[in-house]
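Residue numbers (the UniProt record's numbering), protein chains in the order written: chain A, 1 to 498; chain B, 1 to 351.
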Ligand code: HDD
Ligand code: HEM
Ligand code: HEM
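Here is the structure:
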């Protein structure tokens, strides 16, 4: 009680705002790369398998090109991820100092999964030229499993923050009797994990397919574009309805495990039965809702399959223990947007499936291809929205009902944090801008090469042009003084090796 | 008991990061000092190609260190990150710039772009180890304690300065030794000698700085000084000295592989000596291993996780280094990424 009153006072420490902004910004940036990190290897391996199985050089070419993209993307994923682990200490020392030994172990699993992933990715990326095709493919196979392991660690930690378990508090309020197993497998873990994994799969699928959908719209409709579109899009289309189902079940889990968060997501003010559902709309501090579309009874039905289900409202807990009206509105909008996107994507997948089942071909409508081109961006937006729902809906708790964000934050002065935030923004704009530029340039070069190839003009000597250039032979060492001819060796296999 | 084991695992992880990550940072150091665009072209080429397949793996060690810190010794993690705010924040920024600069440099064709990314990569390769070293110096000299707030004093002091410089020199030394070996592997004999000379110079710098650092700790970090001059700490100091002489001797002879082993020996022994000298403290003389230890069951699990890591990750890392040093890893070229380019598998069987 005392602490509640104490913290109710509006004087949250000044450093809280910049710390949160910094955390949110860096996480939101990192998460853009995660779908590619988790699911692109899987999709690439599928394509690779097809190439080997059907002896299809186009499929192998696609797999090789995707792995070149993987190289750059993985590098950016690693550095932005490392920043996050620094930030745990730099921004939230109180969280780690008190709870690190309760929920930190998941990250241990993550760390060695990343190790494995980094090794396997390196072998896969650099193994194309010299390893035997079979060996190369087999060495790539454990990659998706390693990615799933890494995801396990992070989501175990995050779901623990939502539904903390596996400890008891001593008289001083410190965690004792830690049960690691219970702390890893908390109630929110299962739903969050599967919802997340499928989200990654469908996001990566739509993003990759979107690239070829754009090509298709511009009239490039060869085998290469057809294949580049079909494989990832099929993966995503299969995942989408699953995601719909999983999303429904995670929402119900939130309703049971974190009723206050659920109230924020649905902007429910007073505990009652026969709750209406608002699509969008805005919650005001006095509990009124303006705007939005009101659908009577639906919220209760969704939460418990019956209009008689009682839904807990925000006002059932003290103001200090719940998100404020603005935070609730943010979580609500984010949630609704995610659901809208998920529903639209499900329709798109349905369209694809129906045309395929009836005509055994790709849809012909321009609108299908336009929507497919946008689906990638939409699913990234859905991922961001999902996290905003999770994180903002949990406010003011960093460890749900056990530690407030304000108790966890660093004591560093807010000015320092703001400066740091500014610096990080500049750095990230640079990094992500360069990342995008590199990808676009790669695409342009490949397109050029394909056009030349099509026109039958000779192909010039291979050059280092992916970020990690060739490492074959002395022949391609740029010659010392006459720096004009960068790379001269053309096949370069073997002769430079000791 | 378990806490001691975990503390030792932490020390080993720090050692591994110093060696693996250090080699990586060192490559950046030599990139910075390689000279103008024309003169530095060949060393930079070598650096790009030697680092590419392994740099991510080298850097995951740091994540492992953090995880052991916050899971095994939460209070230690909290204390260090609260007190060392500025150097650690700058190190984090440095890491982003470094990784991004490296990855993008090869991608840009225009000289201006390559210069920009290259400079970013090289400068941050210098700054990052310095700040990490300075933070460690602050710990070794006991300038942080539970509740210490972030202040410049914690990391701008003689020990921190020496540790920072020593970190930079060490990375330069490791980088040069490994690049010299890579040059041999890539068949660039002139670069072998180029980096051999630099390795010797860097080794001399490391030796001088280490001796100075030793004497700085005498007044500035008495607990560590005592540890370094007695018992296990002394043993490792002597091993480091022996390895230094062996490395110098090997560097003067025709190039071989053993010099890598002794070079890693120098650095590993030095880090272990520091760790031994700190016993039984994580932060001399305010926080012992036992005081900082997390929940006993967590520590047991952490030991288990470490064991699994050893069983699963070690063979994988060995495989990577083996493939790498046997020239099996080679990145794709434009031709491979072109339509109808040679099929990878076919050409591989031939070569
Ligand atoms: C492509 C991405 C995507 C799509 C289409 C959906 N979601 Fe989602 N959702 C995520 C991506 C995502 C996510 C980013 O992966 C989250 C954030 C945290 C998490 O575990 O998953 C998430 C979280 C999340 C949460 C919050 C869990 C919490 O607070 O802990 C709920 C209730 C839902 N989702 C429900 C849905 C529903 C009902 C959908 C209906 C179509 C849906 N999601 C589609
Ligand atoms: C990767 C996707 C994620 C995104 C986009 C995300 C987003 C956010 C956002 C927007 C906030 C600010 C909330 C606010 O105060 O308004 C936040 C806070 C935070 N998140 Fe997440 N989050 C993600 C995953 C995680 C994970 C996996 C963890 C930990 C394991 C985590 C830990 C935290 C912490 C410690 C805070 C600060 C405390 C707080 O403000 O609640 N987040 N995150
Ligand atoms: C807030 C906590 C987070 C931390 C501390 C963190 C840390 C890291 C680190 C250190 C890396 C680089 C690993 C390497 O060197 O290989 C990384 C990349 C990665 N992260 Fe995060 N991360 C966080 C959030 C997330 C979330 C929410 C996910 C989703 C499950 C995620 C999934 C990944 C994946 C799959 C990679 C592999 C790299 C890639 O392919 O992009 N991370 N992360």
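From the three backbone atoms N, C-alpha and C, an ideal C-beta is built for every residue, glycine too.
Keep in mind it's a predicted model, so treat the numbers as computed, not measured.
Where does residue i land, buried or exposed, given buried means 16+ other C-beta within 10 angstroms?
i             : result
residue 154/A : buried
residue 476/A : Caution is warranted here: a pLDDT of 38 is assigned to residue 476/A, below 50, making its placement in the model unreliable, and the coordinate value is therefore given only provisionally. Classification for residue 476/A: buried.
residue 415/A : exposed
residue 358/A : exposed
residue 470/A : Summary for residue 470/A: the model assigns pLDDT 32, below 50, so the residue's position carries little reliability; its value from the coordinates is reported in the next sentence. Looking at its Cβ environment, which holds 16 or more other Cβ atoms inside 10 Å, residue 470/A is buried.
residue 331/A : buried
residue 230/B : exposed
residue 284/B : buried
residue 39/B  : exposed
residue 162/B : buried
residue 271/B : buried
residue 458/A : Residue placement at residue 458/A is flagged as unreliable, the pLDDT there being 43, under the threshold of 50; a coordinate-derived value is accordingly withheld.
residue 124/B : buried
residue 322/A : buried
residue 55/A  : exposed
residue 56/B  : buried
residue 495/A : With a pLDDT of only 29 at residue 495/A, under the threshold of 50, the placement of this residue in the model should not be trusted, and no figure is reported.
residue 429/A : exposed
residue 18/B  : buried
residue 193/B : exposed
residue 479/A : The predicted model places residue 479/A with a pLDDT of 38, which falls under 50 and marks its position as unreliable, so this point remains unresolved.
Are residue i and residue j closer than 9 Å when you measure CB to CB?
i             : j             : result
residue 247/B : residue 259/B : yes
residue 188/B : residue 240/B : no
residue 79/B  : residue 7/B   : no
residue 128/A : residue 53/A  : no
residue 302/A : residue 248/A : yes
residue 132/B : residue 88/B  : yes
residue 345/A : residue 206/A : yes
residue 238/B : residue 210/B : no
residue 82/B  : residue 93/A  : yes
residue 90/A  : residue 412/A : yes
Between residue i and residue j, how many whole angstroms is the CB-CB distance? I'm expecting something under 8 Å.
i             : j             : result
residue 380/A : residue 320/B : No, residue 380/A and residue 320/B are not in contact; Cβ-Cβ is about 31 Å, not under 8 Å.
residue 47/B  : residue 179/B : 7 Å
residue 168/B : residue 129/B : 6 Å
residue 213/A : residue 373/A : 4 Å
residue 564/A : residue 340/A : No information on residue 564/A is available, as it lies outside the stretch 1 to 498 that chain A covers here.
residue 399/A : residue 99/A  : 6 Å
residue 135/B : residue 84/B  : 4 Å
residue 106/A : residue 156/A : 4 Å
residue 75/A  : residue 99/B  : 6 Å
residue 158/A : residue 166/A : That pair is no contact at about 15 Å.
contact_flag[the segment 358 to 370 of chain A, the segment 135 to 148 of chain A] where n(CB pairs < 8 Å) is 3 or more
no
Pair every Cβ in the segment 225 to 236 of chain A with every Cβ in the segment 170 to 177 of chain A, then say whether three or more of these pairs are closer than 8 Å.
no
Along the chain, which unbroken stretches of the alpha helix (DSSP H) at least 4 residues long are found entirely within the segment 321 to 402 of chain A?
325 to 359, 366 to 393
Three CB pairs or more closer than 8 Å across the segment 19 to 35 of chain A and the segment 74 to 84 of chain A:
yes
If you pair each beta-carbon of the segment 215 to 225 of chain B with each one of the segment 276 to 284 of chain B, do three or more pairs fall below 8 Å?
yes
Counting Cβ pairs closer than 8 Å, one from the segment 112 to 121 of chain A and one from the segment 141 to 150 of chain A, do we hit at least three?
yes
Counting pairs of Cβ atoms below 8 Å between the segment 21 to 32 of chain B and the segment 301 to 309 of chain B, do you hit three or more?
no
Hey, is the segment 90 to 104 of chain B in contact with the segment 66 to 80 of chain B, meaning 3+ C-beta pairs nearer than 8 Å?
no
The segment 247 to 259 of chain A in contact with the segment 276 to 285 of chain A per 3-pair CB rule at 8 Å
no
Counting Cβ pairs, one atom from each stretch, are 3 or more of them under 8 Å apart for the segment 291 to 299 of chain B and the segment 67 to 75 of chain B?
yes
Indicate whether the contact test is met: 3 or more Cβ pairs, each with one atom in the segment 42 to 60 of chain A and one in the segment 424 to 437 of chain A, closer than 8 Å.
no
May I ask you to verify whether the segment 387 to 397 of chain A touches the segment 321 to 336 of chain A, counting CB pairs closer than 8 Å and requiring at least 3?
yes
Runs of alpha helix (DSSP H) wholly within the segment 121 to 162 of chain A (minimum 4 residues, chain order)
133 to 140, 143 to 162
Every unbroken alpha helix (DSSP H) inside the segment 174 to 215 of chain A [4 residues or more]:
180 to 184
Every unbroken alpha helix (DSSP H) within the segment 14 to 76 of chain B, with a cutoff of 4 residues, ordered by chain
41 to 51, 55 to 72
Whole alpha helix (DSSP H) elements within the segment 167 to 196 of chain B, 4-residue minimum:
none
Within the chosen definition, does the segment 406 to 426 of chain A reach the segment 14 to 25 of chain A through at least 3 CB pairs nearer than 8 Å?
yes
What are the complete beta strand (DSSP E) segments, minimum 3 residues, inside the segment 207 to 285 of chain B?
281 to 283
Can you check the segment 73 to 145 of chain B for any alpha helix (DSSP H) of at least 4 residues that lies completely inside it and give the ranges in chain order?
74 to 83, 85 to 105, 111 to 140
Runs of alpha helix (DSSP H) lying entirely within the segment 280 to 321 of chain B, each at least 4 residues, in chain order
289 to 292
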